[in-house]
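Accompanying notes for the structure given below.
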Amino acid sequence: MHAPGPSGGRDLHSRKLFRKGSTLNCPPLHELSAGSRRTSVGVVGLDILTPAGGPLRSTPATAGKAPYLRITPRDTLMTTTYELLPACVLLCAMSLSALAQAPDGLLAEWRFDEGKGDEARDATGHGYTARLHGAGWMKQGSGFALRLDGDGGYVDCTAARKLPVEGPVAFEAWIMPTRKARGEAGLLGEGLRSFLMSWYNTELCFFYIGHGGNHLKEHLVLNRWQHVAASFDGERMSLWINGRMVGSRRSEVDDYKTGGTFAIGSPGDAGSPQFKGLVDNVRVYNRPLTEQTIVKHVKAEAPEHGVPVVESGAHDTEWTTRFFESHSNPIDVEERDDQIVLANRRIGLAFMKSRQGFRLDRLYGVREKQDYLVAPEGIGTRDLFELRMTPDLRGSGRDERGKTKGSLMGIMDEMASDAFSIGSDEAQSVSWRHEKEPGQVRVRLNWHRIPVRGNSHLVDVEVTVTLREDDPMSYWRIKVLNPGTRFGIERVRFPLLLLAPIGDPTDNVYIYPREHGGLVEDPFNAPTGFGVGFNTRGAYYPVDFNMQFQALYDKSGGHGIYLATHDPTPNLMHMRIANTPKQIAWRPGHFPPNITFAEEDYELPYDVVVGPFVGDWWDAAQIYRAWAVKQSWCRKGPLLTRSDVPRWYKESPFVFYTTIADSAEGTHSMEENMVIAADHFRQFLKWADMPLAAKWYGWKELHPDLTTYDVPFGSHRFYHQGRWRNLPPMNIHDGNYPTLGALKTFTEQTRKLRREGGMVCPYVALEIFDQGPDENSPLAREARPHVVRDLFGVKRTWGSETSWQMCTSSNWWQQRMRETCDEMVKREHVGGFYLDVMQGAGLPCYWSPHGHSAAGGDAITTGMHQTVEGCFNAAKARDPETIITGENSTENVIDVIDGTLTVTLWPENHEPIFAAVYQDYVKRYGTEMMTGVGWRRRFEKMYDEDGFYIEAAWLFVQGAQIGRIRLKPRDASLSFENPQQQGMFDFLSRVLGYYKQSDALKFLAYGRLMRTLTFAGPDPMPQMQYKRGGTFPAVRSGVFRAADRELGVFIVNAHGDELSYRADFDPGRYELPKDAKLDVDQVTPEGARTSVAKGARGVVTLSGSLPGRHMTMFHVRTAGQ
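The opening position of the sequence shown corresponds to residue 50 in this note's numbering, with each subsequent residue numbered one higher.
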């Protein structure tokens, strides 16, 4: 397509460019016009010499004749004279914008203006003519674009010769994908071991340097032109979409293999992964690109590609700021020109109205005088929402109920394989109005008749924004009317916010609710997606995320923006977070009840809550807590008053686990290993002298002919040699108890352990059913109708395993789980259950004949809650002392569990964010503790002695149970016989000491977690390297507030050396009067108490020295309490 490019233009005939200061070379003979040997040469900034070597000038000998030059072609040894056009023609040509030098580093540029033929010329004049192989042309703007039909067509851009690229490299192009990826297809570049841009599943564009693990990735939108630029400077890789950086990272390599074919598309047959779509204006450089250069190119070429450009100054910020800060009433709304503004005394919002939609320009903290969004300028549409639509597949005629296919949450992408997105700037008309109600104002923004792949299918959208008097939060909802019969709603992303740095970006912090809670310092410069794929894969709630809030704040300025949904049901959601040096894109996704169904509207049934707040991570957590503890999952109250959680478990400091099918510290006999595990557990029961829980993997009696886990093609089949020889996988016979029962030794040992205080909690899979090798397990026939299915009736297996995924919304399966738990308590005398794969939602099931909606809404969250509730009630009815815990349980099941497993420690776990909301509502414990190098030293690279103390200190100071501690026959167990582990026992003994003191127990077991201390010493604070990722401070604190308003402050030194500590305790930061008189005692793990302060008013300094791996407690009370 024709457009002014960085080369500035071309000469009129030969299209060859010559740089200033370079030698004037003639093209090869075969590229020159044959016959007359006359050619025009575009010359810029060159002295043109005559054959005699002097400057070109008019002389009697040349008067009336065209000047000429003697030039030696670079690919011959002969001397040939070529005539130049008259100077007047040359000067005229030089005056055109098409005559300019190619910028340094631009190797080749293909604009695809030809519109026909099988060659595309290189606009730089460097001779890299590209050859089309099965590719075509498409009219685009005033020129043409390259068309790839996804059937094996491609373009060889180095057909003439290879590109001279060795180190830094960059390339850019306009790209419009018109079909979802089917596998990974080459898009631009040489290959994975060199440099490559690819097109992958879920509309991902990858940029690789050197190898497949060294990459950046970002989503592209189907059926829209997008400018994509990728750059490598020898150290860092960067990726831009429409002139905005969407990813940057330090490269794992500094060089790569070169010399391959630079291709657009990839050769192959129609069955191989292929890109289908349009490509335009491709450029390749042997230098890195700057953002300034990229933005310049995009702005110049965006209009030709139908992409809007928003320039700075397009909105009146002076007027909107005056309105925000000086409007008359508690809440006001006003329209001026195309701007709509609304504000209360705490928050201001500004929208820009166009003929096609509304754009959110500003979200302003009035008291903070802070804009929290990126200024609305740049390239592309700034959507407020994105409707992800897909053809309704129910009419496809497919019926595949005999098939099985394995995947977990991936089913959602499979069912939306032809999905496409519609933005908020495509309506045929718009309107708006506002409604005033007592104490609040609601603005309604309406998009009318948004076309969905043509005008035959139209949708209407209404967005409502509510402000309340003196409330810093804004409350957002969306409604989509979808009357058409062809397309259904797959999900709605709303509201789409581009968060700006607050003050100095390096002082910013972002928090998110994964496991204990993630805290990222300098988030704008952190790895894209915070290193865990939030920008591409995203995170589901309540699965990957266990709460509904996030926040961005400036730790220096002491304020930020709170980002949440407040859904009391809750429904399934999907969150994407994409951070770059200039912005963080916040993209919450919401699912309709029947995903992909046409003729179904969608109205968001809960608020998205966004607004400024004052404080840090703890303050944001308290905003969320104020709402969360009023929801149904907290209806039974805090642990202190909750009667259905047994007291022994509330006050237990440790959790254990074992795997019976393991010969590492046992035998190849399940029966013998059962006794080994029980005896090891007995040692801990005697040492602790209190009831303790152990999670027990492996307890079923094996029937080889009735399990799908012992078939030749099974990925989890029995091992017949080595450590696992003849030991069954833990999921054998899942769902078939008690018809297929427990090992006799399991029953014997659980009965004995129960009398000694040992509460054995067997592993039970909540969503897995073992149907047998030929669907011949005892309950397979009954189970078959209740398997998770997709839209075509395909039964889903458990990932790469062959067992079935069960639908947690099915009444039959819920009853099956209730019966399992009831019978195991009755027959096996178990102390409770560890329910695997719980989280807060079942796996998505589209099979509405089960009695639920098609995967969306609250179908799988309510189904999981009902399943767990059935297990909880059945076990408690049989024995109130039993407990129910589960894998990574999320907030919405707190009311039907006693405790939850969570990953022991992630690199981002710098503050206990989940505990700051729910410490006094649910018990938590880790996956496992770092206690040894393991069988044949398999943990050697992840283990060191510090790791255990880092983990144990982290769990202890947030009130979590320390665990899970490994029991024999599991390898790397914590053994009383191992002298190298004596220090670990000493540390655990100190923890146990506090749990046996009533004054400490009321904090650790029942207290509300407050903000952590800010240490002034040691200075600097020693940082400990955690081999599983991250660094953590040697000294940590936990502050708890009891129901009687007393405070317990625990300080732990995880380091091996003695360290001095100092921290100021400000009562105003812990919900006490700032000038309160305080009595402070220091308490040791052994119970020794020393007065530190008596009647002290205001701030009290807590200081002292702690030996390595020791801890202390300060008991804080108001004087006279």
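Don't be surprised by glycine CBs; every beta carbon is placed ideally from N, CA and C.
In this text the structure is predicted, and so the values were computed from the model without any measurement.
Straight-line CA distance for residue i to residue j?
i	j	result
Arg416	Arg394	8 Å
Gln1131	His1164	6 Å
Gln1204	Leu792	Residue coverage of the chain in this structure runs from 50 to 1170, which leaves residue 1204 outside it and unanswerable.
Ile97	Asp318	At Ile97, the pLDDT of 37 sits below 50, so the modelled position is not reliable; the number obtained from the coordinates is stated separately. Each residue's alpha carbon lies about 52 Å from the other.
Ser1022	Gly981	7 Å
Pro76	Asn335	Bear in mind that a pLDDT of 37 at Pro76, under 50, signals an unreliable position, so the number given afterwards is only what the model happens to contain. So the alpha carbons of these two residues sit roughly 22 Å apart.
Ala675	Gly609	18 Å
Ile725	Val1040	26 Å
Pro226	Lys325	6 Å
Glu721	Asp759	22 Å
Once the 5 residues before and after residue i are set aside, which same chain residues still bring their CB inside 7 Å of it?
i	result
Phe20	As displayed, the chain neither begins before 50 nor continues past 1170, which places residue 20 out of reach and without an answer.
How far does the beta strand (DSSP E) with residue i in it extend, from its first residue to its last?
i	result
Asp381	Asp381 to Arg385
Leu1127	Lys1126 to Val1132
Phe1114	Leu1108 to Phe1114
Asp198	Gly192 to Asp198
Ala312	Ala312 to Gly314
Pro260	Residue identity differs from the one stated: residue 260 is His in this sequence, not Pro. First-last of the beta strand (DSSP E) with His260: His260 to His268.
Shortest alpha-carbon distance to residue i belongs to which of the options?
i	options	result
Gly948	Gly201, Ala742 and Asp1035	Ala742
Ala926	Val694, Arg833, Ala157 and Asp520	Val694
Glu930	Arg803, Gly889 and Gly821	Arg803
Glu957	Gly308, Arg563, Tyr611 and Arg273	Arg563
Gly784	His182, Thr756, Arg1166 and Gly283	Thr756
Asp171	Arg210, Leu288 and Phe407	Arg210
Trp223	Gln275, Gly192 and Lys229	Gln275
Asp1093	Gln1170, Gly1144, Leu1127 and Ser1047	Gln1170
Asp839	Glu239, Met187, Lys454 and Ala230	Lys454
Thr1063	Arg1013, Arg1118, Leu1041 and Ile527	Arg1118
Phe733	Pro641, Trp847, Ile527 and Phe1025	Phe1025
Gly176	Phe594, Thr796, Pro213 and Glu383	Pro213
Leu546	Leu398, Glu652 and Arg404	Leu398
His565	Val1149, Ala1009 and Pro661	Ala1009
Arg625	Arg540, His1104 and Lys1045	Arg540
Gly201	Ile313, Val218, Phe963 and Asp282	Ile313
Lys1143	Ala169, Thr1150 and Leu1127	Leu1127
Ala1112	Ser1154, Lys1123 and Glu1095	Ser1154
Lys266	His376, Pro576, Asn272 and Pro217	Pro576
Gln798	His769, Asp728, Tyr746 and Trp736	Asp728
Leu689	Gln189, Ser297 and Arg1057	Arg1057
For residue i, which of helix, strand or coil comes out of DSSP?
i	result
Phe818	strand
Asp603	strand
Asn941	helix
Gly1153	strand
Phe543	coil
Val514	strand
Pro893	coil
Met1033	helix
Ile626	strand
Met1160	strand
Val423	coil
Tyr1243	The chain is shown only over 50 to 1170; residue 1243 falls outside these bounds and no answer can be derived.
Ile120	With a pLDDT of only 35 at Ile120, under the threshold of 50, the placement of this residue in the model should not be trusted; the figure read from the coordinates follows. Correct three-state label for Ile120: strand.
Lys875	helix
Ala903	coil
I'd like the span of the alpha helix (DSSP H) that includes residue i, first residue to last.
i	result
Ile672	Trp666 to Ala677
Asn722	Met719 to Ala737
Lys685	Where Lys685 is concerned, there is no enclosing alpha helix (DSSP H), given that its DSSP letter is neither H nor E.
Arg450	From DSSP, Arg450 is part of no alpha helix (DSSP H); its letter is neither H nor E.
Tyr967	Ile962 to Tyr967
Could you name the residues of the same chain whose beta carbon sits closer than 6 Å to that of residue i, not counting the 5 residues immediately before and after it, in chain order?
i	result
Asp907	Thr618 and Asn620
Is any beta-carbon of chain C found at less than 8 Å from that of residue i?
i	result
Pro337	Checking the listed chains, one finds no chain C in this structure; it contains a single protein chain.
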